[in-house]
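Some notes on the structure that comes next.
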Amino acid sequence: MHFEYAIVGGGIVGLATALALTKAGVTSVVVLEAETDIAAHQSGHNSGVIHAGLYYRPGSLKAKLCTEGREALYAFCAEEGIAHERCGKLVVATSDEEVARLDALAERARANGLTPRRLAGVELREYEPHVAGVAGLWVTETGIVDYKAVAAAYARRVQAAGGTIRTGWRLAELRSRPEHLELISATEESITCEYLVTCAGLQADRVAALCGVNPGVRIIPFRGEYYELKPAARDLVRNLIYPVPDPKFPFLGVHFTRKVDGSVEAGPNAVLAFKRDGYGKLSFS
C-alpha cells in the first residue's frame with residue numbers, strides 16, 4: 039500500500055503527529071506501531087501528570103510548548119469526555135537550603151505565566167494535612183490524566199479523518215527509491231510513502247540507523263520504580279506532592295501522585311534497565 043505520510047511509532051507523539059496532519063488536510067497517513075496495541079510503552083507507563091511548566095527556563099521553547107500543550111490537552115480532554123482533573127501540585131521544602139531554591143522556583147513559575155502560591159509551613163496543611171515541611175509552593179495549573187485514554191482518543195480521531203493505524207507492524211528495513219520510500223516490516227510486508235516521520239520513542243536511535251542516519255547519540259534506558267499505597271492509606275495524599283528538585287540530579291525527585299482512578303503512587307527511582315521496553319527487574323535483551 040502507498041501513503042503520503044508514514045509515521046513510525048504509535049505512542050502519544052506519533053498519534054498526535056498523525057492527528058495534526060489530518061487537521062492540516064492530509065488523509066493519506068498511516069501510523070505503524072510495532073506492538074499489538076498503541077501507547078504500549080512510555081505513553082502507557084508514566085505517572086499521568088499534566089505538567090504546568092514550572093521548571094523550564096522562561097522564554098525557552100520547552101516553557102512555551104508546555105504552556106500551550108497543557109491548555110490544549112485540558113481542552114481536548116473536555117471535548118472527548120476523558121477523565122482528568124486540574125488538581126494542583128504542592129512542592130514542599132524541608133530545609134532552609136531548599137527554601138531558597140523554592141523561592142527561585144516561584145519566580146520562575148511566575149515568569150512562565152503560572153499563578154503559584156507561596157506557603158509557610160503551617161499553611162501546608164490546608165492543602166495536604168499529612169505533609170511535614172518548612173515551606174511550600176502550590177501550583178494550581180498542574181493536573182492528572184490517563185495518557186493511554188488520550189492516545190486512544192487521538193487514534194479514533196485519526197481514523198475518523200481517514201488515517202490508518204497498523205499495530206503489530208515492526209519496521210525492519212527501509213529502502214530509498216527514486217520516487218518513494220519503501221518500508222519493510224519484520225514479516226516482510228511492504229508499505230511505500232513519500233514522507234516518513236519517526237516517533238519511535240526508546241527505539242528512535244535504532245530507527246534512525248535503519249534510515250541511514252547516525253544521530254550521534256545512543257539511548258541508554260533507565261526504569262523508574264513506583265510503590266502503590268494501600269487503599270486504606272490513599273487519604274493520606276490529596277493530590278500531588280513533590281520535593282524541591284536537587285540541581286545536582288536531572289530528576290524531579292521521588293513524589294506522591296494521585297491517579298485519575300483514585301490510586302496513589304510513590305516514586306520513581308531511576309535504575310539502569312537491561313531492556314529498552316522491559317518493565318520487570320529481570321527483563322533483559
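Residue numbers (this note's numbering): 39 to 323.
Glycine included, C-beta positions come from ideal geometry on N, C-alpha and C.
- Using a Cβ distance threshold of 8 Å, HIS79 and ASP315 count as a contacting pair.
- Note on LEU70: 16 or more other CB atoms within 10 angstroms of its CB, so buried under the neighbour-count rule.
- VAL129 sits close to VAL177, with the two beta carbons spaced by under 8 Å.
- According to the DSSP assignment, VAL196 belongs to no beta strand (DSSP E) but to the alpha helix (DSSP H) extending over 185–198.
- Here ASP184 is buried: its Cβ has 16 or more other Cβ atoms, across all protein chains shown, within 10 Å.
- Across the set GLY318, ILE229, ASP273 and PRO306, the C-alpha of ASP273 shows the shortest separation from the C-alpha of VAL169.
- Three or more beta-carbon pairs drawn from the stretch 116–133 and the stretch 276–292 are found closer than 8 Å, and the two stretches are therefore classed as touching.
- When secondary structure is reduced to three states using DSSP, LYS319 falls in the coil class, being assigned neither helix nor strand.
- In this chain, the alpha helix (DSSP H) harbouring CYS104 covers 99–118.
- TYR317 counts as exposed, since fewer than 16 other beta carbons sit within 10 angstroms of its beta carbon.
- The straight-line gap separating the alpha-carbon atoms of GLY181 and ARG208 is approximately 34 Å.
- The Cβ atoms of PHE260 and ALA311 lie closer than 8 Å to each other.
- In the DSSP assignment, ARG215 falls outside any alpha helix (DSSP H) and carries neither an H nor an E.
- Separation of ALA54 and TYR192 (C-alpha to C-alpha, rounded to the nearest whole angstrom) is 6 Å.
- Around the CB of PRO306, 16 or more other CB atoms lie within 10 Å, so the residue is classed as buried.
- GLY48 is a Cβ neighbour of THR205, given a cutoff of 8 Å.
- Per DSSP, LYS127 is one residue of the beta strand (DSSP E) stretching across 127–131.
- Residue state for TYR233 is assigned as strand, using DSSP reduced to three classes.
- Cβ contact annotation for ARG139 (same chain, cutoff 6 Å, sequence separation greater than five): VAL282, in chain order.
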